[in-house]
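Chains as they are written, first to last, in the working numbering: chain A, 12 to 425; chain B, 12 to 425.
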């Protein structure tokens, strides 16, 4: 089954808006076993929309359009679709009630613009929108199912998951499938793929494997379509068990996990608390940890010790340590971690000190050199990392590596 | 002049990679006065690439393709282009020397794969790549200029600016233009556009204005194409002067500015230092400030006081203050700012305490309520903000608002 994704919006073509909807839909449709052949962004005008429909209907099993459904006059998608699919715009009672409920919950009454949003082409199936006033539409013609949804990302995403997937299941027969992700960190892609050469060669033919690298992790995706559901999931679980024995604690999570959610889970489960002492990461670790709702349960806080004075007077690093070994050194980062642990009265602390660049490097300690330490009451360990030359990437990698070292340290203690 | 942007890559169609190249090129081409009619992503295979060429050549003045130029076998773009434009792949001495220099600088010798990268279609103009081994190509056919560049974002971006723009200027006659951006914060879009109704009505016909909103700011873009360069820039400068008198210090920057670069400039110019005390923003302000190279010159550090204990024992907030007024209150945030200023021995400190959500709200202080204070030796001010219900957006808005309040405070003192 092939699919095409179309975004309508001049703001995308002028580079004002990044087309994240396309990326979301590409992921979701691939996971549903569609083969996405093409993604496009086109202008918010009748000729462009009509041309896109002509190039799509009859050529793809599924076409998803986002955007162009707002109440203002420059959003003309609904009218073009209604004409194209031989319908007429009529007021839909379900949509009217949805819109009414939506605006009333915000303390407003129904106005003319809202009322216009209840007009829906007579030839479509409704795709209800739980988060906004623009309803989605599903049409069918020449063996193509075409879906139109609003472009506001959080409305569109929830609609896709909650109201569109059940409709798609009525129109398409999806093969059985199993897709799982394994998240790794601390091992470069070239070393990882070398380590997994034998593993890859032995993967059954019905299962595909892909590496998805980012500065913060490398994900391994294992996927199978078709066959008995239970069997393919067992096959993939067996492969994951194998990966665990090959990669050990380079693996930090699975599927929707990330470092902050895994840390959150481990800290909550074990009722432990944590603190940070950040130099080159400048607060990024604290920021990441506190993106998780309820993180105050285990994160007491941290110190951004960007100056030597902050390291000395707040964290209690010895002046002599910095003089003798430098701010980016095993000795300093160990004292930072111990200082943060005591200061914030926590079970575990993580500390980072590195040279993010572009300046500050030396022959001994080139830009990218980063020391990370983690401490508990009875043990402190430290490790040096050599990142690259780009400041922003170094900061991201240092923060992720610190969270990973902290996670492994805690898991070893529990 | 119309343009089309094509990204080649299965990783985009499967949702593994967000197509940021398209967004970059859309911005740049719009600024060059091209009208981008279409952006697409297609698969890394001969039929898809050939179809895209057939749909583009003769229909657009400019087509830019990114991706599909790596040394591995699944990157077949170069061969397809060479055939399509009636050329043959021949070793290009300039590219060979570029590649050689590039790999030797990294301590490697030329291998078979690198040598293949020096093969270039005989019918193209070269677009040199200062940052990698894949050269770009420019072809011309049926009044369409087609450019192919590698997909690695930082290679492509530098190529576009440094080597492609001069080539495009040989093929296209660009109109004169003037584009300027004014960055505002602290005023919702609806209020902003209301405040600027009269201003907008009086804008000369040759100048366009657009609002570009994000959670962290609202940019106003003023642009003019055609006419005498000096005249249109003067027109836009006059409009900016008008905006300054209407919007005052809701404006925090221009063009490529952001809050951290403007703060960096102001702090460096005045040789002042700054510190942070962050509760709900969890370290994001520190992270943002330290993204700027050389920020250690003015940023001494900060405290992430996520728990009441951290507020009391590190920042010196009085226990009684928190008991009486709560952690999210004017009194607490003022004591946080004063505490951070003294603790980190700086000229200015900024403190944030808010309810990011989803839990922790009350009737009195609903989710989104955020107190921000800034302090110097002789003055401390505090302000309350009411953000929305989404945790991640609240954190971003709180951090940006805190940096904005800090900036205004410093500017008033200087």
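Even for Gly, the Cβ is constructed at its ideal location relative to N, Cα and C. Just so we're clear, the structure is a prediction, and the values are computed from it rather than from any experiment.
Residue from the options whose Cα sits closest to the Cα of residue i
i	options	result
residue 202 of chain B	B:224, B:334, B:323 and B:185	B:224
residue 189 of chain B	B:206, B:237, B:271 and B:181	B:237
residue 139 of chain A	A:168, A:153 and A:124	A:168
residue 411 of chain A	A:218, A:294, A:115 and A:80	A:294
residue 217 of chain B	B:115, B:207, B:210 and B:235	B:235
residue 325 of chain B	A:355, A:315 and A:71	A:355
residue 343 of chain B	B:233, B:383, B:55 and B:414	B:383
residue 87 of chain A	A:200, A:61 and A:205	A:61
residue 156 of chain B	B:16, B:114 and B:303	B:16
residue 300 of chain B	B:279, B:373 and B:320	B:279
residue 286 of chain A	A:72, A:349, A:171 and A:221	A:349
residue 179 of chain A	A:145, A:222, A:73 and A:242	A:73
residue 390 of chain A	A:311, A:248, A:328 and A:423	A:423
residue 135 of chain A	A:116, A:97 and A:162	A:97
residue 263 of chain B	B:133, B:420 and B:54	B:420
residue 183 of chain A	A:154, A:255, A:209 and A:204	A:154
residue 80 of chain B	B:45, B:127 and B:112	B:127
residue 346 of chain B	B:399, B:289, B:77 and B:366	B:289
residue 292 of chain B	B:407, B:205 and B:209	B:407
Residue i to residue j span [Cα, whole Å]
i	j	result
residue 371 of chain B	residue 377 of chain B	8 Å
residue 158 of chain A	residue 150 of chain A	6 Å
residue 100 of chain B	residue 166 of chain B	22 Å
residue 26 of chain A	residue 369 of chain B	32 Å
residue 361 of chain A	residue 393 of chain A	10 Å
residue 409 of chain B	residue 416 of chain B	10 Å
residue 363 of chain A	residue 271 of chain B	22 Å
residue 12 of chain A	residue 68 of chain A	14 Å
residue 129 of chain B	residue 276 of chain B	44 Å
residue 173 of chain A	residue 142 of chain A	11 Å
residue 214 of chain A	residue 250 of chain A	8 Å
residue 386 of chain A	residue 359 of chain A	6 Å
residue 107 of chain B	residue 75 of chain B	24 Å
residue 30 of chain B	residue 34 of chain A	8 Å
residue 375 of chain B	residue 396 of chain B	13 Å
residue 152 of chain B	residue 177 of chain B	20 Å
residue 240 of chain B	residue 233 of chain B	14 Å
residue 137 of chain A	residue 144 of chain A	13 Å
residue 388 of chain B	residue 296 of chain B	21 Å
residue 14 of chain B	residue 413 of chain A	45 Å
residue 147 of chain A	residue 161 of chain A	7 Å
residue 212 of chain B	residue 36 of chain B	31 Å
residue 199 of chain B	residue 200 of chain A	45 Å
residue 56 of chain A	residue 90 of chain A	11 Å
residue 186 of chain B	residue 42 of chain B	11 Å
residue 302 of chain B	residue 379 of chain A	14 Å
residue 32 of chain B	residue 19 of chain B	11 Å
residue 114 of chain A	residue 222 of chain B	25 Å
Buried or exposed (CB count within 10 angstroms, at least 16 for buried), residue i
i	result
residue 352 of chain A	buried
residue 298 of chain A	buried
residue 430 of chain B	The first residue shown for chain B is 12 and the last is 425, placing residue 430 of chain B beyond what the model contains.
residue 246 of chain B	buried
residue 63 of chain B	buried
residue 105 of chain A	exposed
residue 265 of chain A	exposed
residue 248 of chain A	exposed
residue 399 of chain A	exposed
residue 133 of chain A	exposed
Inset, instruction - Could I get the ranges of all uninterrupted alpha helix (DSSP H) runs contained in the segment 87-156 of chain A, with 4 residues as the minimum, in chain order? - result: 88-95, 104-116 and 123-128, all fully within the segment 87-156 of chain A.
- request: Tell me the start and end of each unbroken alpha helix (DSSP H) in the segment 251-291 of chain B that is at least 4 residues and wholly inside, in chain order.
  value: List check, alpha helix (DSSP H) in window: 270-280.
Exercise for the section: Specify whether the segment 185-201 of chain A and the segment 223-238 of chain A touch according to this definition: at least 3 beta carbon pairs, one from each stretch, less than 8 Å apart. Expected result: With three or more CB-CB distances shorter than 8 Å, the segment 185-201 of chain A counts as touching the segment 223-238 of chain A.
Self-check item: Segment contact, 8 Å Cβ cut-off, at least three pairs: the segment 46-66 of chain A with the segment 109-123 of chain A
Solution: Contact between the segment 46-66 of chain A and the segment 109-123 of chain A is absent, with fewer than three C-beta pairs closer than 8 Å.
*Counting Cβ pairs closer than 8 Å, one from the segment 294-309 of chain B and one from the segment 325-332 of chain B, do we hit at least three?*
Under the 8 Å Cβ criterion, the segment 294-309 of chain B does not count as touching the segment 325-332 of chain B, having fewer than three qualifying pairs.
Please give me, in chain order, every unbroken run of the beta strand (DSSP E) with length at least 3 that falls completely inside the segment 296-339 of chain A. Within the segment 296-339 of chain A, the complete beta strand (DSSP E) runs of at least 3 residues are 310-315.
To test your reading of the DSSP string, which unbroken alpha helix (DSSP H) runs of 4 or more residues are found completely within the segment 14-90 of chain A?
Fully enclosed alpha helix (DSSP H) runs of 4 or longer: 21-24, 31-42 and 57-65.
Runs of alpha helix (DSSP H) lying entirely within the segment 168-224 of chain B, each at least 4 residues, in chain order: Considered as a whole, the segment 168-224 of chain B harbours 176-182, 200-206 and 208-212 as its complete alpha helix (DSSP H) runs of no fewer than 4 residues, in chain order.
Can you list the beta strand (DSSP E) stretches of 3 or more residues lying completely in the segment 341-403 of chain B, in chain order? Segments of the beta strand (DSSP E) lying fully in the segment 341-403 of chain B: 359-365, 380-386 and 391-397.
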